[in-house]
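Note that UniProt numbering has the sequence shown beginning at 1, numbered continuously upward. Don't be surprised by glycine CBs; every beta carbon is placed ideally from N, CA and C. Reviewing the structure listed below.
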Amino acid sequence: MDEPKSKAKSVIVIGAGVGGVATAARLAKAGFKVTVLEKNDFTGGRCSLINHDGYRFDQGPSLLLLPQFFHEIFRDLGTSLSAEGIELLKCEPNYNIWFGDGSSFELSTDLTKMKKSIEAIEGKDGFERYLSFLQESHRHYEISAAYVLRRNFSSFLNMARPEMLLNLLALHPFQSIWSRASKYFWTERLRRVFTFGTMYMGMSPFDAPATYSLLQYTELAEGILYPRGGFHRVVECLVKVGQRLGVEYRLSTSVQSISIDKATQKTNGVILEDGTLLPADIVVSNADLVYTYNNLLPETPYARSLSKREASCSSISFYWSISRRVPKLQAHNIFLADEYRESFDSIFKKHLIPTEPSFYVNVPSRVDPSAAPEGKDSIVVLVPVGHLLSDKSGTHRGMSKSANSTEKAVNTDQDWDSMVSLARETIITTIQARIGVDLSPLIEHEIINTPYTWKDKFNLDKGAILGLSHSFFNVLSFRPGTQHSQFKNLYFVGASTHPGTGVPICIAGSKIVAEQILQDAGFSEATSTDYQYRLPISTFIMTSQIFPRRNDALNVNPDTVNGQSSDINLTTRGSDWYWAVCAVMTVATIAFIGTAWTKPRTDRIFHYITGGITMIAAISYFSMASNLGWTPIAVQFRRSDHRVAGVYREIFYVRYIDWFVTTPLLLMDLLLTAGMPWPTVLWVILVDWVMIVTGLVGALVKSSYKWGYFAFGCAALAYIVYQLAWEARIHANRIGNDVGRVFLACGTITLIVWICYPIAWGVCEGGNIIAPDSEAVFYGILDLLAKPVFGAILLWGHRNIDPARLGLRIRDVTEGPVYPEGPGSQKRSVNEPAAGAGANGTQNPVDVPVADTTAA
């Protein structure tokens with residue numbers, strides 16, 4: 001990054017975590033005047049050290065993975081790891097994994113060892129499957145490193161970059177890592193061995209996208225490294241490099257709020273706890289993102305929605321000073337629960353500690369003897385647990401917040417004192433049972449971090465140690481952006497913004513943010529990846545002017561209609577999804593109408609109908625994404641689940657307006673393809689209107705009478721299903737095999753999808769079972785299948801079918817009169833072959849209407 005040529009702009013970085021320290025150094029290298037403010041008296045955030053009487057512990061991260069990002073940042077800063085005195089030690093083996101029966105499995109980069117160990121469990125073919133697993137994991141690693149971790153996703157159009165579209169399915173984002181591992185490993189034991197690593201992302205292997213097997217690849221191919229002197233050594237050197245470049249660090253300095261200039265709608269600095277204003281041209285927050293929005297910025301619906309997003313797990317971490325060495329424990333050890341799935345369900349669904357938890361044991365003194373006095377060991381035990389349910393950090397500072405003691409009393413299910421005791425007892429008992437060593441009498445000193453410790457020490461929302469979850473709808477453009485949507489000189493870096501959590505990932509994020517700041521500051525030589533790789537397709541350039549860079553819809557259009565607010569409403573996550581569907585519908589419309597111009601005017605009817613369907617849908621989804629076109633309706637069923645708790649729920653009536661227009665058009669596509677007579681077509685459309693209107697009325701009724709309208713709608717749907725599955729199918733097959741095949745494909749997808757709509761209605765508008773965000777995804781997927789996917793299949797099938805064969809004789813303006821004028825003119829019989837009949841001489845059925853219209 002080149003030096004700015006004008007007067008240096010001032011930057012304040014809030015938080016001296018890895019992301020903040022790395023961003024500060026990069027900006028200082030580019031010529032900015034940077035000040036870092038840190039509430040604690042140490043740097044590194046969670047990547048810091050705990051020292052006690054000669055024992056050293058890594059407070060958080062203890063494995064150095066993805067080394068390319070560490071080498072890259074020091075190289076970008078004009079130095080190197082070795083030049084700064086950082087020595088990376090390789091841990092061999094990677095892990096020792098202990099099972100309930102006392103057996104163990106060593107994970108290693110040594111293929112000879114891995115071959116022997118795997119074949120002992122899965123036979124001769126097991127090692128070949130392991131290599132195939134590594135190959136897939138390597139593909140995930142390469143694609144992610146190139147197209148995700150080095151790219152900004154400031155808008156949904158960024159997800160449509162050619163390289164993303166071409167490689168999306170290769171990342172297996174819609175399959176869990178457990179399901180992919182099950183393809184390669186046939187035993188439960190090895191499936192567990194190669195999936196436990198999702199704990200690094202704070203997720204269950206049964207929910208984590210298979211993309212994250214990239215972590216297994218970097219461990220098994222590049223190995224696990226450890227900086228001599230502790231992981232904080234990397235942060236310490238980044239701080240020193242930054243200071244050489246001019247970065248000023250102010251420790252033990254808490255920020256009360258980010259100052260906003262209302263006139264310019266920009267931040268003009270930060271306000272410290274003592275009320276002092278520190279001015280700045282640019283502010284970068286490395287504090288927990290949810291905390292920043294809810295405690296350092298003005299209250300907004302978006303800020304509230306962030307606190308409702310799915311968060312990662314927390315942990316109970318023990319730091320033990322051990323009086324002697326424990327040789328059976330390697331540097332990294334995993335003790336897996338026998339009830340593997342159940343243990344993750346306890347953490348991520350019940351937000352508790354499992355009765356029998358899986359846990360991680362780190363012995364830094366095994367690889368770096370300086371971590372403990374001679375002849376002794378430092379041991380860190382990390383037990384994943386559910387995050388805080390009664391946490392108030394996601395509540396805006398203007399609302400009531402309780403002290404820890406009060407918070408603990410709010411949720412009696414989360415008795416952390418009891419859970420800490422259970423964790424300690426389980427750890428000691430499990431280790432003794434599996435390796436034959438009782439650690440209890442060897443513990444000289446103990447330090448404990450609980451979810452409350454993580455929350456209080458580092459301002460982590462809910463005490464979630466890895467920030468927001470990394471489920472599919474919490475990554476890429478769905479993840480909170482690196483730039484504030486309203487205050488354009490406010491940026492974010494860290495675990496809960498793009499690209500995500502983990503030390504190397506936050507380092508990658510620092511480069512994305514620094515380049516974005518340079519780009520926005522007008523330095524043309526900054527090579528922002530967000531701009532460098534924009535999709536060079538005119539349709540996307542057009543739509544980029546319609547859809548916002550960062551979603552601000554809930555701020556502009558709050559959850560109030562005519563003075564009435566809704567309790568169960570859309571969050572930014574759901575709005576983001578609606579924007580994505582809107583973009584797909586818009587592009588599909590352009591594609592369908594655009595391809596119509598490649599056809600003769602007489603053959604465009606299906607293109608126009610299909611394009612009209614997606615055009616109306618795009619407008620509908622634009623409205624819903626903007627949080628418009630809804631009304632609050634009292635729910636019949638009040639639920640205890642916080643996601644659907646409340647009295648009033650948002651009902652999007654604009655969705656039904658969309659369906660009232662588009663479903664008849666869709667039926668016309670199908671019924672005209674089948675050559676159905678016009679009276680039948682019109683009657684089926686009338687029945688369809690009954691279905692849509694009764695669905696809307698039922699959604700707007702708060703009493704149990706809504707289910708009567710639901711029944712009417714289902715009866716109408718049943719008649720439509722009969723027409724498509726029976727009568728129309730027979731008509732289509734009579735016209736020809738090619739027409740029959742097109743109708744079968746399109747009719748089948750329509751029937752399957754339409755039958756799912758009443759289910760969606762039942763769990764959304766009807767039963768108030770799932771949240772509006774989940775409703776958005778449910779209906780959105782159905783509409784994507786029913787409209788653009790259906791339309792693409794239909795138009796592809798119609799590419800060689802003359803509309804005249806279907807009874808659609810459309811006269812072009814260049815043709816003469818339909819019937820010759822004057823004496824002797826005769827009308828064409830309906831039984832004559834239609835003009836343009838297929839080469840096989842197929843004639844129109846007797847009851848097929850012949851539509852003589854003029855193509856405009």
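May I have the straight-line CA-CA distance separating residue i from residue j, to the nearest angstrom?
{"i": "residue 743", "j": "residue 778", "result": "25 Å"}
{"i": "residue 12", "j": "residue 493", "result": "13 Å"}
{"i": "residue 769", "j": "residue 639", "result": "8 Å"}
{"i": "residue 75", "j": "residue 217", "result": "24 Å"}
{"i": "residue 36", "j": "residue 335", "result": "39 Å"}
{"i": "residue 387", "j": "residue 201", "result": "14 Å"}
{"i": "residue 780", "j": "residue 593", "result": "22 Å"}
{"i": "residue 318", "j": "residue 449", "result": "7 Å"}
{"i": "residue 68", "j": "residue 505", "result": "11 Å"}
{"i": "residue 729", "j": "residue 750", "result": "13 Å"}
{"i": "residue 503", "j": "residue 590", "result": "42 Å"}
{"i": "residue 645", "j": "residue 771", "result": "9 Å"}
{"i": "residue 420", "j": "residue 454", "result": "14 Å"}
{"i": "residue 223", "j": "residue 90", "result": "7 Å"}
{"i": "residue 167", "j": "residue 135", "result": "15 Å"}
{"i": "residue 371", "j": "residue 49", "result": "11 Å"}
{"i": "residue 27", "j": "residue 231", "result": "23 Å"}
{"i": "residue 310", "j": "residue 760", "result": "22 Å"}
Please name the residue, chosen from the options, that lies closest to residue i on a Cα-to-Cα basis.
{"i": "residue 324", "options": "369, 335, 346, 292", "result": "369"}
{"i": "residue 54", "options": "165, 445, 622", "result": "445"}
{"i": "residue 211", "options": "322, 145, 665", "result": "145"}
{"i": "residue 137", "options": "172, 49, 353", "result": "172"}
{"i": "residue 723", "options": "668, 767, 775, 763", "result": "668"}
{"i": "residue 786", "options": "116, 59, 671, 663", "result": "663"}
{"i": "residue 313", "options": "345, 385, 636, 258", "result": "385"}
{"i": "residue 352", "options": "322, 338, 380, 315", "result": "315"}
{"i": "residue 183", "options": "482, 129, 283", "result": "129"}
{"i": "residue 240", "options": "502, 83, 279", "result": "83"}
{"i": "residue 602", "options": "147, 806, 619, 337", "result": "806"}
{"i": "residue 776", "options": "788, 621, 460", "result": "621"}
{"i": "residue 51", "options": "652, 679, 373", "result": "373"}
{"i": "residue 650", "options": "575, 584, 333", "result": "575"}
Given a cut-off of 7 Å, decide if residue j and residue i are closer than it, judged by their beta-carbon atoms.
{"i": "residue 674", "j": "residue 731", "result": "yes"}
{"i": "residue 463", "j": "residue 451", "result": "yes"}
{"i": "residue 242", "j": "residue 16", "result": "no"}
{"i": "residue 477", "j": "residue 153", "result": "yes"}
{"i": "residue 29", "j": "residue 77", "result": "yes"}
{"i": "residue 613", "j": "residue 570", "result": "no"}
{"i": "residue 331", "j": "residue 304", "result": "no"}
{"i": "residue 225", "j": "residue 64", "result": "yes"}
{"i": "residue 193", "j": "residue 105", "result": "yes"}
{"i": "residue 553", "j": "residue 582", "result": "no"}
{"i": "residue 348", "j": "residue 204", "result": "yes"}
{"i": "residue 466", "j": "residue 474", "result": "no"}
{"i": "residue 763", "j": "residue 782", "result": "no"}
{"i": "residue 300", "j": "residue 555", "result": "yes"}
{"i": "residue 447", "j": "residue 439", "result": "no"}
Ordered along the chain, which non-local residues of its own chain (more than five positions away) have a Cβ less than 7 Å from that of residue i?
{"i": "residue 687", "result": "716, 719, 720"}
{"i": "residue 610", "result": "592, 669, 791, 794, 795"}
{"i": "residue 19", "result": "286, 493, 494, 506, 509, 510"}
{"i": "residue 422", "result": "353"}
{"i": "residue 598", "result": "none"}
{"i": "residue 359", "result": "335, 381, 382, 383, 427"}
For residue i, collect the residues of the same chain with a Cβ closer than 6 Å to its Cβ; drop the 5 residues on either side in sequence, then sort them by chain order.
{"i": "residue 559", "result": "565, 566, 569"}
{"i": "residue 484", "result": "490"}
{"i": "residue 363", "result": "329, 331, 377, 379"}
{"i": "residue 740", "result": "732, 733"}
Between which residues of its own chain and residue i is the CB-CB distance below 8 Å, once the five residues before and five after are set aside?
{"i": "residue 255", "result": "14, 37, 39, 270, 271, 272, 273, 287, 296"}
{"i": "residue 536", "result": "A caution first: residue 536 carries a pLDDT of 35, below 50, which makes its placement in the model too unreliable to give a value."}
{"i": "residue 595", "result": "607, 795"}
Whole-angstrom Cβ separation of residue i and residue j, contact assumed at under 8 Å?
{"i": "residue 670", "j": "residue 746", "result": "6 Å"}
{"i": "residue 176", "j": "residue 221", "result": "About 22 Å separates the two Cβ atoms, so there is no contact after all."}
{"i": "residue 648", "j": "residue 633", "result": "7 Å"}
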